[in-house]
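Working notes, structure below.
2 protein chains.
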Amino acid sequence: MNGIMITIKDVARVAGVSTSTVSRVVRKQGKVGKVCRAKVQKVIDELGYRPNINAQALVSKKSNSLGIVIPKVSMPFFATLACGAEEITKENDFRVLISTAYGSEQAELDAIDSLVQHRCGAIVFHSMHCSDEILCELAEKIPGLVFINRFIAKIAHRCIWLDNNMGAQEATRHLINRGHTNIAVISRKDVNPDAQVRLDGFRTALNNAGIILDNTMIEYGTTADMNGGKEAVRALLAKGNKVTGILAYNDLMAIGVVHELHAHGIRVPEDISVIGFDDLSISVACIPELTTMHYPVREMASYAANLAIKLSDSVDSTVKTHLFMPHLIERDSVIEHLSI
Amino acid sequence: MNGIMITIKDVARVAGVSTSTVSRVVRKQGKVGKVCRAKVQKVIDELGYRPNINAQALVSKKSNSLGIVIPKVSMPFFATLACGAEEITKENDFRVLISTAYGSEQAELDAIDSLVQHRCGAIVFHSMHCSDEILCELAEKIPGLVFINRFIAKIAHRCIWLDNNMGAQEATRHLINRGHTNIAVISRKDVNPDAQVRLDGFRTALNNAGIILDNTMIEYGTTADMNGGKEAVRALLAKGNKVTGILAYNDLMAIGVVHELHAHGIRVPEDISVIGFDDLSISVACIPELTTMHYPVREMASYAANLAIKLSDSVDSTVKTHLFMPHLIERDSVIEHLSI
DNA sequence: CTGTTAGCGCATTCAA
DNA sequence: TTGAATGCGCTAACAG
Numbered sequence: 000m001n002g003i004m005i006t007i008k009d010v011a012r013v014a015g016v017s018t019s020t021v022s023r024v025v026r027k028q029g030k031v032g033k034v035c036r037a038k039v040q041k042v043i044d045e046l047g048y049r050p051n052i053n054a055q056a057l058v059s060k061k062s063n064s065l066g067i068v069i070p071k072v073s074m075p076f077f078a079t080l081a082c083g084a085e086e087i088t089k090e091n092d093f094r095v096l097i098s099t100a101y102g103s104e105q106a107e108l109d110a111i112d113s114l115v116q117h118r119c120g121a122i123v124f125h126s127m128h129c130s131d132e133i134l135c136e137l138a139e140k141i142p143g144l145v146f147i148n149r150f151i152a153k154i155a156h157r158c159i160w161l162d163n164n165m166g167a168q169e170a171t172r173h174l175i176n177r178g179h180t181n182i183a184v185i186s187r188k189d190v191n192p193d194a195q196v197r198l199d200g201f202r203t204a205l206n207n208a209g210i211i212l213d214n215t216m217i218e219y220g221t222t223a224d225m226n227g228g229k230e231a232v233r234a235l236l237a238k239g240n241k242v243t244g245i246l247a248y249n250d251l252m253a254i255g256v257v258h259e260l261h262a263h264g265i266r267v268p269e270d271i272s273v274i275g276f277d278d279l280s281i282s283v284a285c286i287p288e289l290t291t292m293h294y295p296v297r298e299m300a301s302y303a304a305n306l307a308i309k310l311s312d313s314v315d316s317t318v319k320t321h322l323f324m325p326h327l328i329e330r331d332s333v334i335e336h337l338s339i
Numbered sequence: 000m001n002g003i004m005i006t007i008k009d010v011a012r013v014a015g016v017s018t019s020t021v022s023r024v025v026r027k028q029g030k031v032g033k034v035c036r037a038k039v040q041k042v043i044d045e046l047g048y049r050p051n052i053n054a055q056a057l058v059s060k061k062s063n064s065l066g067i068v069i070p071k072v073s074m075p076f077f078a079t080l081a082c083g084a085e086e087i088t089k090e091n092d093f094r095v096l097i098s099t100a101y102g103s104e105q106a107e108l109d110a111i112d113s114l115v116q117h118r119c120g121a122i123v124f125h126s127m128h129c130s131d132e133i134l135c136e137l138a139e140k141i142p143g144l145v146f147i148n149r150f151i152a153k154i155a156h157r158c159i160w161l162d163n164n165m166g167a168q169e170a171t172r173h174l175i176n177r178g179h180t181n182i183a184v185i186s187r188k189d190v191n192p193d194a195q196v197r198l199d200g201f202r203t204a205l206n207n208a209g210i211i212l213d214n215t216m217i218e219y220g221t222t223a224d225m226n227g228g229k230e231a232v233r234a235l236l237a238k239g240n241k242v243t244g245i246l247a248y249n250d251l252m253a254i255g256v257v258h259e260l261h262a263h264g265i266r267v268p269e270d271i272s273v274i275g276f277d278d279l280s281i282s283v284a285c286i287p288e289l290t291t292m293h294y295p296v297r298e299m300a301s302y303a304a305n306l307a308i309k310l311s312d313s314v315d316s317t318v319k320t321h322l323f324m325p326h327l328i329e330r331d332s333v334i335e336h337l338s339i
């Protein structure tokens, strides 16, 4: 800033009161005489005084910033997450401090560290590379730290997560209910707990329907994006299995699937039905619009932000869990399979 | 935070030195004896000391936060913008403070205000509702404030913007070069300077090619998204003009156009070619993948962040402008028009 | 090379 | 109801 910032002292001097009084009217707390308050407020407005948040944070030992740790802002899923958390911020006069961490445990630790340096009391952390142990340690040190899209039993009340298993089951059931029995799954190759859980849900739903799972019906993409989807579908097609329905790990992969099928002259949904997961806004960009499982990231992030803020300034030891459910969004990429 | 944070005093005490010395080794500046430095560093590591950034900001009168003001994180264009700025942050040991402002001048002013309270010296501002005058005033007060996607002659050296006119011209020329002469434009209804400029570019290119512009070939969408695109195309189709090429205000509208045409049984690009603007990642989700003008937001945002940081701590009065050029990305939504 | 001193802007006792 | 004093954690002269 310019250096010529107005301080509480300036206001006090001009208003002819003490800094304590100014402080009181600024924070609207403590007893202040009515006329005195009006007088001070007038000076504040005239001078355009804005409290220095750094000083406030220093003395009060906590900042009003909500920290968010995500891999990357430009990935739609995380942008939505950030957006959800950010909304809460407005209501609480908090600010959002974004700290991105991509690709490694160290990066994530650094991001948290950066937030700690800011004395950021409330943090929403989407970790992809830290072990449960590390996260528990962190949680112990930072009361306002909350984990999104992750479940750790020992600190369940600090976790906001999604029932991926049920989600995958519902998606699978949808395909089954539409008459599909030759169902393939496009998953991600990297070790990702969600992918494993969704695969489990898929298996369960198949079992429950009395369908025997052929392992050759599971294919993996290197990356969890469009390219990964294309790659996996290519591999799937190469095997020559009969398939009428495909469950993709997420919308991005699902769209890759649709594109690759299209490139092979296979129509979606006429020849093969495809279902995604996440319900990113991108899912309606594709033709046909994607039938998918809605992942309520935004709501979850808002919830997480609220929880983080609450935990950061009161030791709420209520032990409860925060589990969200995905739900089916029917659009145009899945239709009834007409058995011949 | 927990309250049990380690301070510089703790380190000083344990290491048996003064706080100044600790401060020096932390900031790696000033002369410190080799062994002394090692000793202090050791204590820092052991105690896990992390400097309080708020205190640092307070005394040094500026924070190492880069402020970003955008309408909404969840809009892909702005997410990319934030991402570009964020990258610079890593290199400079800065943090990103996001302040969203949606819909009104007051919201934008509040967002800036919030950043000012943080003594945020460097700010990248994407304004949609403030007048040039207001922005000039702001710029005067905040040396490190920089405007992205906006041009104001008086403070041109603080503006990072795109040549929308040339972009629209290039897009139009592309259509013309592919044999299209019956070209329509889908623009946005709200007053948006970019839309106007792009429209001008379109007209210019048409003129230069000796094509007479029929005003009924311009149609507007209420919102600059998929729905706006659909709405506008519906209106266009209703007029029954012959059209073989459509230029959309942006990718979102272009995708809406493709969808609506598809719903009418009109094929893209076989029947009508469509070209977008922005080159958002969503543009490849659509079938056919969108031919579009690449808007280098990420690069521009990085550039802007750099500029903001530089301006914030040195009065660089170099008067230069920062104009970026969009360029054509050829994909599948535009093909040669075969005149019959 | 290292320590001492004096604030940065503010909130919070404690008196008055 | 108000003000004076104190200190948050840190940096920046200034001494030594």
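If you're matching them up, the sequences are chains Y and H in order. Here numbering that gives the first Met the number 0 is used: the first residue of the first sequence is 0, the next is one more, and so on. Here numbering that gives the first Met the number 0 is used: the first residue of the second sequence is 0, the next is one more, and so on. All C-beta atoms in this analysis are idealised placements derived from N, C-alpha and C, irrespective of residue type, glycine included. Note that the coordinates shown come from a computational prediction; the quantities given were computed from them, not determined experimentally.
_Does H:ASN176 pass the burial test, meaning 16 or more other C-beta atoms within 10 Å, or should it be called exposed?_
Here residue 176 of chain H is taken as the residue at index 177 of the second sequence, counted from 1. Result: exposed.
| task | Pick out whichever of Y:TYR101, Y:GLU86, Y:SER103 and Y:ALA237 has its Cα sitting closest to the Cα of Y:VAL95. | result | Locating residue 95 of chain Y in the first sequence gives position 96, where the first residue counts as 1. Comparing Cα-Cα distances from Y:VAL95 to each of Y:TYR101, Y:GLU86, Y:SER103 and Y:ALA237, the minimum goes to Y:GLU86.
Worksheet entry | Burial state of H:PRO61 (16 or more Cβ within 10 Å) | To locate residue 61 of chain H, count along the second sequence from 1; it is residue 62. The sequence given here has Lys at residue 61 of chain H, not Pro. In the assembly as shown, H:LYS61 is a buried residue. Its beta-carbon has 16 or more other beta-carbons within 10 Å.
If contacts are defined as beta-carbon pairs under 8 angstroms, then Y:THR180 and Y:ILE210 qualify, I think. What distance do you get, rounded to the angstrom? Looking up residue 180 of chain Y in the first sequence gives position 181. Looking up residue 210 of chain Y in the first sequence gives position 211. The Cβ separation is near 6 angstroms, so the contact holds.
- Using a beta-carbon distance cut-off of less than 9 angstroms, what residues from the stretch 102-129 of chain Y approach chain H? Answer set for the stretch 102-129 of chain Y: ASP112, SER113, LEU114, VAL115, GLN116, HIS117, ARG118, CYS119 and GLY120.
Practice problem: Indicate the three-state DSSP secondary structure (helix, strand or coil) for H:TYR302 in the structure shown. | Solution: Along the second sequence, one-based indexing puts residue 302 of chain H at 303. In this structure, H:TYR302 counts as helix in the three-state DSSP scheme.
Exercise for review: Within the stretch 250-300 of chain H, note down every full alpha helix (DSSP H) run reaching 4 residues or more, in order along the chain.
Suggested key: The qualifying runs are 250-262.
Item to complete: Kindly say whether Y:LEU46, judged by its beta-carbon, lies nearer than 8 angstroms to any beta-carbon of chain H.
Response: Taking the first sequence and counting its residues from 1, the one referred to as residue 46 of chain Y is at position 47. Answer no: the Cβ-Cβ gap between Y:LEU46 and chain H never drops below 8 angstroms.
**Message:** So, under 8 angstroms CB-CB, Y:GLY66 and Y:ILE5 are touching, yes? Tell me the CB distance rounded to an integer number of Å.
**Reply:** Residue numbering aside, residue 66 of chain Y sits at position 67 when the first sequence is read from its first letter. Residue numbering aside, residue 5 of chain Y sits at position 6 when the first sequence is read from its first letter. Contact doesn't hold; Cβ gap of about 29 angstroms is too wide.
Within this structure, are the beta carbons of Y:ALA183 and Y:VAL123 separated by less than 8 angstroms? For the purposes of this step, residue 183 of chain Y is taken as the residue at position 184 of the first sequence. For the purposes of this step, residue 123 of chain Y is taken as the residue at position 124 of the first sequence. No.
>> Quick check on Y:MET261 - is its C-beta less than 8 angstroms from some C-beta in chain H?
In response: For the purposes of this step, residue 261 of chain Y is identified with residue 262 of the first sequence, where counting begins at 1. For clarity, residue 261 of chain Y is His in the given sequence; the question names Met instead. Yes, Y:HIS261 counts as interfacial toward chain H.
I need the straight-line Cα distance from Y:ILE245 to Y:ILE271, nearest angstrom please. The residue labelled residue 245 of chain Y in the question sits at position 246 within the first sequence. The residue labelled residue 271 of chain Y in the question sits at position 272 within the first sequence. Roughly 7 angstroms between the two C-alpha positions.
With a cut-off of 8 angstroms on the beta carbons, I'd call H:PRO75 and Y:PRO75 a contact; round off their distance for me. Working through the second sequence from its first residue, we reach residue 75 of chain H at position 76. Working through the first sequence from its first residue, we reach residue 75 of chain Y at position 76. That belief holds up - the Cβ atoms of H:PRO75 and Y:PRO75 are roughly 7 angstroms apart, short of 8 angstroms.
Quick one: grab the DSSP three-state call for Y:ASN51.
As a working note, residue 51 of chain Y is residue 52 in the first sequence. In this structure, Y:ASN51 counts as coil in the three-state DSSP scheme.
message = I need the straight-line Cα distance from Y:PRO268 to Y:ALA253, nearest angstrom please.
response = What you label residue 268 of chain Y is simply residue 269 of the first sequence in a count that begins at 1. What you label residue 253 of chain Y is simply residue 254 of the first sequence in a count that begins at 1. Here the alpha carbon of Y:PRO268 sits roughly 12 angstroms from the alpha carbon of Y:ALA253.
Which residues of the stretch 65-79 of chain H have a Cβ closer than 9 angstroms to any Cβ of chain Y? Give them in chain order.
Hits within the stretch, in order: ILE67, LYS71, VAL72, SER73, MET74, PRO75, PHE77, ALA78 and THR79.
What residue range is occupied by the uninterrupted beta strand (DSSP E) comprising Y:VAL242?
Position 243 of the first sequence holds residue 242 of chain Y. Here Y:VAL242 belongs to no beta strand (DSSP E), and DSSP marks it neither H nor E.
- request: Just the chain Y side, please: which residues come within less than 8 angstroms of H:MET225 by C-beta, in chain order?
  value: As a working note, residue 225 of chain H is residue 226 in the second sequence. Chain Y residues near H:MET225: VAL283 and ALA284.
- Task: Taking only the alpha-carbon atoms, compute the straight-line gap between Y:GLY15 and Y:LYS38 and give it to the nearest angstrom.
- Result: Within the first sequence, numbered from 1, the residue matching residue 15 of chain Y stands at position 16. Within the first sequence, numbered from 1, the residue matching residue 38 of chain Y stands at position 39. Distance between the alpha carbons of Y:GLY15 and Y:LYS38 is about 9 angstroms.
query = Is Y:SER126 buried or exposed, if buried means 16 or more other CB atoms sit within 10 Å of its CB?
reply = Locating residue 126 of chain Y in the first sequence gives position 127, counting from the first residue. When all chains shown are included, Y:SER126 counts as buried.
Requested in this report: Please report how far the alpha carbon of H:LYS140 lies from the alpha carbon of Y:VAL13, in whole angstroms.
Outcome: In the second sequence, residue 140 of chain H corresponds to position 141, counting from 1. In the first sequence, residue 13 of chain Y corresponds to position 14, counting from 1. Approximately 22 angstroms between the Cα atoms of the pair.
* Report all residues from its chain with a CB closer than 7 angstroms to the CB of Y:THR99; omit the five preceding and five following residues, and keep chain order. => Counting from one through the first sequence, the residue named residue 99 of chain Y turns up at place 100. The residues are ILE69, PRO70, LYS71, VAL72 and ALA110.
Amino acids of chain H, ordered along the chain, whose beta-carbon sits closer than 8 angstroms to that of Y:ALA100: Along the first sequence, read from residue 1 onward, the residue named residue 100 of chain Y stands at position 101. Near Y:ALA100 there are no residues of chain H at all, since even the closest Cβ is about 10 angstroms away, more than 8 angstroms.
- Three-state secondary structure (DSSP) at H:ARG118? Taking the second sequence and counting its residues from 1, the one referred to as residue 118 of chain H is at position 119. In this structure, H:ARG118 counts as coil in the three-state DSSP scheme.
8 angstroms Cβ cutoff, H:ASN1 in contact with chain Y: In the second sequence, the residue the question calls residue 1 of chain H occupies position 2. Because H:ASN1 sits at a pLDDT of 49, beneath the cut-off of 50, its placement in the model cannot be relied upon, and the following sentence gives the value as read from the coordinates. Using beta-carbon distances, H:ASN1 counts as an interface residue toward chain Y, with a partner under 8 angstroms.
Requested in this report: To the nearest angstrom, report how far apart H:ILE159 and H:LEU114 are at their CA atoms.
Outcome: In the second sequence, counting from the first residue as 1, residue 159 of chain H sits at position 160. In the second sequence, counting from the first residue as 1, residue 114 of chain H sits at position 115. Taking the CA atoms as reference points, H:ILE159 sits about 20 angstroms from H:LEU114.
Would H:ILE254 pass as an interface residue toward chain Y - the criterion being a Cβ-Cβ separation below 8 angstroms? Along the second sequence, read from residue 1 onward, the residue named residue 254 of chain H stands at position 255. So, interface residue.
My guess is that H:THR290 and H:ILE274 are in contact by the Cβ rule of under 8 angstroms, so how many angstroms apart are they, rounded?
The residue given as residue 290 of chain H occupies position 291 in the second sequence. The residue given as residue 274 of chain H occupies position 275 in the second sequence. Yes, H:THR290 and H:ILE274 are in contact; Cβ-Cβ is about 5 angstroms, under 8 angstroms.
Given that a residue counts as buried once 16 or more other Cβ atoms are within 10 Å of its Cβ, and exposed if not, what is H:ASN249? As a position in the second sequence, residue 249 of chain H is number 250, starting the count at 1. By the 10 Å Cβ count, H:ASN249 comes out buried.
- Measuring CB to CB, does H:VAL31 end up less than 8 angstroms from H:THR20? Counted from its first residue, the second sequence places residue 31 of chain H at position 32. Counted from its first residue, the second sequence places residue 20 of chain H at position 21. Using a Cβ distance threshold of 8 angstroms, H:VAL31 and H:THR20 count as a contacting pair.
Suppose the cutoff is 6 angstroms on Cβ atoms and the five residues either side in sequence are ignored; what does the same chain contact list for H:LEU306 look like?
Position 307 of the second sequence, counted from the start, is the residue given in the question as residue 306 of chain H. The answer, listed in chain order, is VAL145.
- What does a CB cutoff of less than 7 angstroms around Y:ALA56 pick up in its chain, not counting 5 residues either side in sequence? On the first sequence, residue 56 of chain Y is found 57 positions in, with the first residue counted as 1. Excluding sequence neighbours, Y:ALA56 sits near SER62 and ARG118.
- Sort H:ARG197, H:ILE217, H:LEU322 and H:GLY255 by Cα distance to H:VAL296 and report the nearest one. Position 297 of the second sequence holds residue 296 of chain H. Distances from the CA of H:VAL296 to each of H:ARG197, H:ILE217, H:LEU322 and H:GLY255 were compared; the closest alpha carbon is that of H:LEU322.
**Message:** If you measure between the beta carbons of H:ARG197 and H:GLY227, is that distance less than 8 angstroms?
**Reply:** Position 198 of the second sequence, counted from the first residue, corresponds to residue 197 of chain H. Position 228 of the second sequence, counted from the first residue, corresponds to residue 227 of chain H. Not in contact: H:ARG197 and H:GLY227 (Cβ atoms no closer than 8 angstroms).
Anything in chain Y within Cβ reach of H:HIS258, meaning under 9 angstroms, just list it in chain order. Reading the second sequence from its first residue, position 259 is the one you call residue 258 of chain H. VAL283, ALA284, ILE286 and GLU288, listed in chain order.
By the criterion of Cβ-Cβ separation under 9 angstroms, what are the contact partners of Y:ARG266 in chain H?
If you number the first sequence from 1, residue 266 of chain Y lands on position 267. Contact note: Y:ARG266 does not reach chain H at a C-beta cutoff of 9 angstroms; the least C-beta distance is about 11 angstroms.
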